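Input: a single structure, listed below in structure tokens.
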Amino acid sequence: MSKIEARLAELGLTLPEATAPIANYVPFTVSGKIVYVSGQVPRKDGKIFPTGRVGEQVSVEEAKTAARDCMLSIIAHARTAAGGDLDKVARVLRVTGYVHSASSFGDQPSVINGASDLAVELFGEAGRHARSAVGVASLPAGAAVEVEAILELA
Amino acid sequence: MSKIEARLAELGLTLPEATAPIANYVPFTVSGKIVYVSGQVPRKDGKIFPTGRVGEQVSVEEAKTAARDCMLSIIAHARTAAGGDLDKVARVLRVTGYVHSASSFGDQPSVINGASDLAVELFGEAGRHARSAVGVASLPAGAAVEVEAILELA
Amino acid sequence: MSKIEARLAELGLTLPEATAPIANYVPFTVSGKIVYVSGQVPRKDGKIFPTGRVGEQVSVEEAKTAARDCMLSIIAHARTAAGGDLDKVARVLRVTGYVHSASSFGDQPSVINGASDLAVELFGEAGRHARSAVGVASLPAGAAVEVEAILELA
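Residue numbers (the numbering used here), protein chains in the order written: chain X, 286 to 439; chain R, 286 to 439; chain F, 286 to 439.
Structure below.
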């Protein structure tokens with residue numbers, strides 16, 4: 286078993302199925318060693334969940350879990366990009382986290398820590414990335430959070 | 286005539302003039318094979334149009350057409366980046382679509398499909414890209430949509 | 286003294302201390318020649334400042350100065366990425382500027398010019414970059430502006 290798969294098992298995590306979007310785009314593209322992963326939204330039973338503004342309809346803790354789920358989807362796509370072997374992911378380079386926010390909400394960093402923490406739990410130092418966290422007016426189907434990433438293959 | 290120019294003609298499309306911004310930035314930069322294209326907003330008769338929140342002042346269909354116009358501007362700049370030959374655009378790697386949205390609007394994907402669909406109509410499989418679509422509080426001059434892209438040259 | 290350090294001195298500018306975030310991410314990552322710098326928010330006496338919506342609580346001029354401060358932080362991190370020698374920064378490739386905006390505010394470009402202008406004052410033609418400027422619902426701790434960048438090393 287690969288080192289990262291073993292770490293996933295240790296953390297009790299299962300990667301979601303890496304499904305393709307039903308539109309003219311793809312979950313990821315690769316240029317040289319660089320993998321660009323599409324923005325991921327959290328899902329439950331196939332539906333986008335949680336939805337709503339963080340700080341109002343959705344708590345910071347719920348949104349943080351949702352951001353973690355987004356990172357899990359990113360990792361699922363990264364596995365496909367790496368030919369099925371997560372040990373060939375050399376580095377998480379950049380993460381952008383969009384948080385569905387009311388204008389008065391300013392704790393986007395805590396929410397996106399859900400994604401960042403998982404990257405580091407799985408990849409260690411190689412999981413540390415450049416990051417931006419911003420609060421947006423809305424997201425697809427009202428999703429509470431959306432996370433995209435750029436990774437480097439070995 | 287180049288293959289992609291022929292395809293543009295088939296689709297009845299003319300690329301807009303690739304004008305430079307009147308500020309300290311440029312329409313695109315190139316690093317190796319990678320082209321970073323600045324965020325494009327839709328224009329009509331030289332003015333930013335349509336403006337307003339999608340789902341309120343602007344319909345999804347109007348915004349989708351606007352996103353298509355943004356992609357047309359991206360392609361115009363990509364042609365310049367490729368030394369005038371669109372056949373040297375190897376791949377659309379990533380598209381980020383910002384939709385001027387009310388908090389209750391959640392159909393950013395349909396809007397940004399206007400940009401994604403054009404990329405695939407023109408470039409075929411090479412037009413399929415990683416994508417994020419988000420809803421933002423506002424955009425330059427109230428534009429309904431803004432689209433940026435990263436492309437790969439051959 | 287390096288050429289760019291001399292230019293900083295000419296402009297009367299001092300780079301802020303390049304501090305690391307207190308979370309599982311880093312100020313920048315490097316892949317080959319490409320440097321991805323995390324989103325920077327403006328600070329005063331160690332606190333995020335100014336805060337609030339531009340066009341309401343914060344004026345365009347104040348926000349422009351804040352965007353310039355964000356670029357100064359980006360340059361501080363770029364110096365570290367370049368091994369302490371800013372003359373090894375070959376190019377600013379891309380800048381994304383997020384402006385904390387009311388829905389009616391549309392002058393994000395003037396705000397982000399604060400960042401773009403400084404890049405060009407320091408690096409000359411090499412400072413000209415691809416750019417997107419968008420208006421967001423909110424930002425970390427209510428910051429008025431956040432700026433991220435991608436640079437190329439020599």
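Even glycine gets a Cβ: it sits at the ideal position worked out from N, Cα and C.
Treat the numbers as computed from the prediction; the structure is a model and nothing was measured.
For Thr-365 of chain F, decide whether its Cβ has a neighbour in chain X, counting only Cβ atoms nearer than 8 Å.
-> Interface with chain X (8 Å Cβ-Cβ cutoff): Thr-365 of chain F is excluded.
Helix or strand or just coil, what does DSSP make of Gly-487 of chain F?
-> Residue 487 of chain F is absent from the model: chain F starts at 286 and stops at 439.
Alpha carbon to alpha carbon, what distance is there between His-414 of chain R and Gly-409 of chain X?
-> Those two C-alpha atoms are separated by around 29 Å.
Ordered along the chain, which non-local residues of its own chain (more than five positions away) have a Cβ less than 7 Å from that of Glu-290 of chain X?
-> Apart from the 5 residues on each side of it in sequence, Glu-290 of chain X sits with its Cβ closer than 7 Å to the Cβ of Leu-371 in its chain, given in chain order.
For chain R, find out if any of its Cβ atoms is closer than 8 Å to the Cβ of Gly-427 of chain X; answer yes or no.
-> Output row for Gly-427 of chain X: interface = yes.
Just the C-alpha distance for Gly-391 of chain R and Asp-402 of chain F, rounded to the nearest angstrom, thanks.
-> Straight-line measurement puts the Cα of Asp-402 of chain F at about 35 Å from the Cα of Gly-391 of chain R.
At 7 Å on the CB atoms, spell out the chain X contacts of Ala-400 of chain F, in chain order.
-> Near Ala-400 of chain F there are no residues of chain X at all, since even the closest Cβ is about 14 Å away, more than 7 Å.
Partners in chain F for Arg-338 of chain R, counting only beta-carbon separations shorter than 8 Å | In chain order: Ser-388.
Sort out for me which residues DSSP pairs Val-374 of chain F with in a bridge.
-> In DSSP, Val-374 of chain F forms a bridge with F:Leu-438.
Apart from the five residues on each side of it in sequence, which residues of its chain come closer than 7 Å, Cβ to Cβ, to Ile-359 of chain R?
-> The answer, listed in chain order, is Val-322, Gln-325, Val-432, Ala-434.
Helix, strand or coil: how does DSSP classify Val-311 of chain R here?
-> Correct three-state label for Val-311 of chain R: coil.
Under 9 Å from the C-beta of Ser-323 of chain F: neighbouring residues of chain R = Near Ser-323 of chain F there are no residues of chain R at all, since even the closest Cβ is about 17 Å away, more than 9 Å.
Would you say Arg-353 of chain X faces chain F, with C-beta separation under 8 Å as the test?
-> At a cut-off of 8 Å, the C-beta of Arg-353 of chain X has no neighbouring C-beta in chain F.
Whose Cβ in chain F lies nearer than 7 Å to the Cβ of Phe-313 of chain R?
-> Neighbours of Phe-313 of chain R on chain F, chain order: Ala-415.
Identify the residues that DSSP records as bridge partners of Gln-325 of chain R: which are they?
-> In DSSP, Gln-325 of chain R forms a bridge with R:Val-432.
Beta-carbon proximity of Ser-388 of chain R to Ala-422 of chain X, cut-off 8 Å = Against a cut-off of 8 Å, the Cβ pair of Ala-422 of chain X and Ser-388 of chain R comes out as a contact.
Report the residue from R:Gln-393, R:Tyr-383, R:Pro-301, R:Phe-313 whose alpha carbon sits nearest the alpha carbon of Lys-329 of chain R.
-> Cα-wise, what sits closest to Lys-329 of chain R is R:Pro-301.
How is the alpha helix (DSSP H) around Gly-465 of chain R delimited, first residue to last?
-> For chain R, the structure presents residues 286 to 439; residue 465 of chain R sits outside this window and is missing.
For the alpha helix (DSSP H) that contains Arg-292 of chain R, what are its first and last residues?
-> Where Arg-292 of chain R is concerned, the enclosing alpha helix (DSSP H) stretches over 288-295.
To the nearest whole angstrom, what separates the beta carbons of Gln-393 of chain X and Val-384 of chain X, a pair I think is in contact under 8 Å?
-> For a cut-off of 8 Å, the C-beta gap from Gln-393 of chain X to Val-384 of chain X is around 4 Å, short enough to register as a contact.
Note down the Cα distance separating Ala-429 of chain X from Ala-411 of chain R, rounded to an integer number of angstroms.
-> When rounded, the distance between both Cα atoms is 31 Å.
Just tell me which of R:Glu-437, R:Val-311, R:Phe-334, R:Leu-378 has its CA closest to the CA of Asp-354 of chain R.
-> Ranked by Cα distance from Asp-354 of chain R, the first of R:Glu-437, R:Val-311, R:Phe-334, R:Leu-378 is R:Phe-334.
Using a C-beta to C-beta distance shorter than 9 Å, which residues of chain X count as neighbours of Ser-358 of chain F?
-> Neighbours of Ser-358 of chain F on chain X: none; closest Cβ ~13 Å, over 9 Å.
Hey, out of X:Thr-336, X:Leu-407, X:Thr-304, X:Gln-342, whose CA is closest to Glu-295 of chain X's CA?
-> Looking at the Cα atoms, X:Leu-407 is the closest of the given residues.
What residues match up with Val-421 of chain F in a beta bridge as DSSP calls it?
-> The partner list for Val-421 of chain F (beta bridge, DSSP) reads F:His-385.
What are the boundary residues of the alpha helix (DSSP H) that includes Leu-298 of chain R?
-> From DSSP, Leu-298 of chain R is part of no alpha helix (DSSP H); its letter is neither H nor E.
Selection from R:Ala-351, R:Arg-376, R:Gly-337 that minimises the alpha carbon distance to Ala-363 of chain R = When only C-alpha atoms are compared, the closest one is R:Arg-376.
Give the interface partners of Glu-431 of chain R over in chain F, defined as CB-CB distance under 9 Å, in chain order.
-> Glu-431 of chain R reaches chain F at Ser-417, Ala-418, Val-419, counting residues in chain order whose Cβ is nearer than 9 Å.
Can you name, in chain order, every residue of its own chain whose Cβ lies under 8 Å from the Cβ of Ala-361 of chain X, other than the five neighbours on each side?
-> Cβ contact annotation for Ala-361 of chain X (same chain, cutoff 8 Å, sequence separation greater than five): Leu-300, Pro-301, Glu-302, Ala-303, in chain order.
Nearest chain F C-beta to Leu-424 of chain R closer than 8 Å, yes or no?
-> Closer than 8 Å: yes.
Chain R contact for Ala-375 of chain X (CB, 8 Å cutoff) | So, not an interface residue.
Taking the C-alpha atoms as reference points, what is the distance between Ala-351 of chain F and Gly-382 of chain F?
-> Roughly 11 Å between the two C-alpha positions.
The alpha helix (DSSP H) spanning Val-345 of chain F covers which residue range?
-> Looking at the DSSP string, the run of the alpha helix (DSSP H) that includes Val-345 of chain F is 345-366.
Say whether chain F places a C-beta atom closer than 8 Å to the C-beta of Ser-316 of chain R.
-> Under the Cβ criterion of 8 Å, Ser-316 of chain R is counted among the residues facing chain F.
Coarse secondary structure for Ala-426 of chain R, derived from DSSP in three states = For Ala-426 of chain R, the three-state secondary structure derived from DSSP is helix.
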